[in-house]
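Single-structure report; data block below.
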């Protein structure tokens, strides 16, 4: 009887396991397997190189780790600037302010726009030849003319400019999730705190923040996963890797696949990148568990 | 009884339909995949014309953008389900990989039949891109494996109206590098942008740098460098890198050039915001669409040396290959023969502003396109060199030039970095 029940339970989870295996586990194993070969992606013959591709990634490919560093830099800006902005706006919209529904819609427009469109639009805003050059004009108008320059073609500002545009595009997701999280906090807690004489700051620090930790972890994990994989926006803004200054892992994988026709190596890069993301997510998750 | 009659009726109907479809199938449908958005309507028109002539349907399927097309073709190749005719976007080694995998039909016998009658209609340089010479480094049997549909050259274009505004003679574009560099101060004084191009996408940097490499050191030395016999630290190569530094310092390069995508560069030139552009002959159609009143001319990149002639990239713009596994390959070859005939090529040139691959179809093309066509005399292409540079070396080379333009590295530093990667790749190749 017990065996029958167990089997029945397995039958229920079988479709999900099958779908997960077919679309996630098997492709992952397959890509790993391809990462063990030198293959141009066209020929029927592949040369087995063992862990040679992985060895090259870890010990020789300087461009790859530079791209990882660039992605980490964009992610750091997104984790701080983007998520703080998203949280503050969500907190403001959760309170009784005028036109809060209007703001909710407005804040969610950037995430639903295509990255290509966002890139083109910001290129127009930033660029000083074919664009509106709004940022430089504003700086000149405010008396900071010495700061005006081509933000996307300066190696000192290109990556930060890309990161800021990415934050503009992405903060709406965080905003939405934070808002949903804030709305689950019982209002009675705030009322009780107010009756006990707690200030707004104390309510925020002792009620809102602790109860929002799981949501913050979720947003942080989604931010890391989304930002580390950024590339369309970069292509749209600066055309590509810009002498390595805007190089990111996905662009490196594409360069291996299309530029060098090294499919096996690109697969090894994909697996390495995937493993890095899994490890980061796992660490974040463990930290949040400890924090709770 | 009613059911029985109904059953018989359905049976008869299916039999008739079955017979009729069998009859229709006797004429094959040729399936062609391509990425050429600007040529799709012209292809569809020609397909209709061919069907009216022969009864054979030709199905042109457009897959754009070109990146998506490239992936589709590769995936179809891996799955052995390529169409009857297709094009390959990529380098010669990709072309060779498709041939090695048995996907592409050797067209030599068709080209050389009846005293080379098909082969002779093409510009030889257009055909060369699709050809593998004896003892080629790719290990492919010598032969012709593709049919050029049009040709292209990549040159510089200049705005005649802005030239006049700058006090320059619009009939005399700069012929030497020094003349070109001398325009820099005039551009800056007039607040105009100089050269625009898609240098954010890097391959066009590679193209201009190679033009100058041929001009400064000649073809043999360039090929010797690729073979690893001459280092990139050679003074001639440093001179090639230095040209980009000189252009930057003279002010002939537009602002933001290193992160410019070609579409933006085309918009800037078409909207008369830049005096020069470095672009392929396909730009004639693009500029026409953006600004039909634009007055401009094509010119060879200004020579940096008189030791060797300047070379520009050119040859087959786009080519079609026949699927060696297709059951319709004979019909596909017949269609391509028809498509490359003088009339069809003239129609394609007139309707798409691309240069025809058939040399007999050049009669009625606009003057600026004729200027691009004349550049064919100077044309070369990495796909006809017989040797190819390591992709990591090309990457370091192009990135290095970007770094020179933004003042981050010196020509000597870039030359050293490129040479280090070259030596590493050569060592890796020797170890295999």
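Residue numbers (the working numbering), protein chains in the order written: chain A, 1 to 292; chain B, 1001 to 1432. Note that the Cβ used here is the ideal one computed from N, Cα and C, for glycine as well. Every value quoted in this text rests on a predicted model; they were computed, and no experiment measured them.
The beta-carbon distance between residue 1215 of chain B and residue 1303 of chain B, rounded to whole angstroms, is 6 Å. This is short enough to meet the 8 Å contact definition. Under the Cβ criterion (8 Å, minimum of three pairs), the segment 63 to 78 of chain A counts as touching the segment 237 to 256 of chain A.
Residue pairing from DSSP places residue 1321 of chain B in a beta bridge opposite B/1086.
Using a Cβ distance threshold of 8 Å, residue 1365 of chain B and residue 1379 of chain B do not count as a contacting pair. For residue 9 of chain A, the uninterrupted alpha helix (DSSP H) run begins and ends at 2 to 20, by DSSP. Counting only Cβ-Cβ distances below 7 Å, residue 41 of chain A has contacts in chain B at 1074, in chain order.
Excluding five sequence positions before and after residue 248 of chain A, the CB atoms of its chain that fall closer than 7 Å to its own CB belong to 67, 70, 71, 230, 231 and 234, given in chain order. A residue is called buried when at least 16 other Cβ atoms come within 10 angstroms of its Cβ; residue 123 of chain A meets this threshold and is buried. In the DSSP secondary-structure assignment, residue 97 of chain A is not bridged to any residue. CA-to-CA, the gap between residue 1241 of chain B and residue 212 of chain A works out to about 56 Å.
By DSSP's assignment, residue 1157 of chain B forms a beta bridge with B/1277 and B/1298. Listed in chain order, the positions of the segment 140 to 153 of chain A with a beta carbon within less than 7 Å of a beta carbon of chain B are 150, 152 and 153. In the three-state DSSP reduction, residue 1057 of chain B falls in the strand class (E or B). Annotation for residue 1078 of chain B: no beta strand (DSSP E) segment contains it, though the alpha helix (DSSP H) segment containing it runs 1066 to 1078.
The three-state secondary structure of residue 1211 of chain B, taken from DSSP, is helix. Look at the beta carbons and you see the segment 169 to 177 of chain A touching the segment 75 to 89 of chain A: at least three pairs across the two are nearer than 8 Å.
Taking the Cα positions, residue 1388 of chain B is about 35 Å away from residue 1059 of chain B. Apart from sequence neighbours up to five positions away, the residues of its chain that approach residue 1318 of chain B with a beta-carbon distance below 7 Å are 1036, 1087, 1149 and 1150, ordered along the chain. Beta-bridge pairing by DSSP links residue 1328 of chain B to no other residue. Residue 1182 of chain B and residue 1405 of chain B have their C-alpha atoms roughly 18 Å apart. Within 8 Å of the CB of residue 268 of chain A, no CB atom of chain B is found; the nearest one sits about 15 Å away. At a cut-off of 8 Å between beta-carbon atoms, residue 1144 of chain B makes no contact with chain A. Taking C-beta separations shorter than 7 Å and ignoring five residues to either side along the sequence, the partners of residue 1224 of chain B in its chain run 1230, following chain order.
In chain order, 1200 and 1259 make up the part of chain B whose C-beta sits under 7 Å from the C-beta of residue 238 of chain A. Uninterrupted alpha helix (DSSP H) stretches at least 4 residues long and entirely within the segment 1125 to 1201 of chain B occur at 1160 to 1165 and 1177 to 1190, given in chain order.
The way I'd put it, the segment 1125 to 1137 of chain B does touch the segment 1307 to 1318 of chain B; three or more beta-carbon pairs between them come closer than 8 Å. Neighbours of residue 1100 of chain B across chain A, judged by C-beta separation under 7 Å: 43. Among the CB atoms of chain A, none fall inside 8 Å of the CB of residue 1079 of chain B. In this structure residue 1046 of chain B touches residue 1347 of chain B by the C-beta definition: roughly 7 Å separates them, less than 8 Å. DSSP places residue 166 of chain A in the helix class (H, G or I) of the three-state scheme. The CB of residue 261 of chain A comes closer than 9 Å to the CB of 1090, 1091, 1093, 1094, 1097 and 1391 in chain B, given here in chain order.
At a beta-carbon threshold of 9 Å, the residues of chain A lying near residue 1070 of chain B are 258, ordered along the chain. In the three-state reduction of the DSSP assignment, residue 231 of chain A falls in the coil class. Under the 8 Å criterion on CB atoms, residue 1399 of chain B is classed as interfacial with respect to chain A.
Residue 18 of chain A and residue 75 of chain A have their C-alpha atoms some 33 Å from each other.
Of the candidates A/106, A/288, A/263 and A/218, A/263 places its Cα closest to the Cα of residue 32 of chain A.
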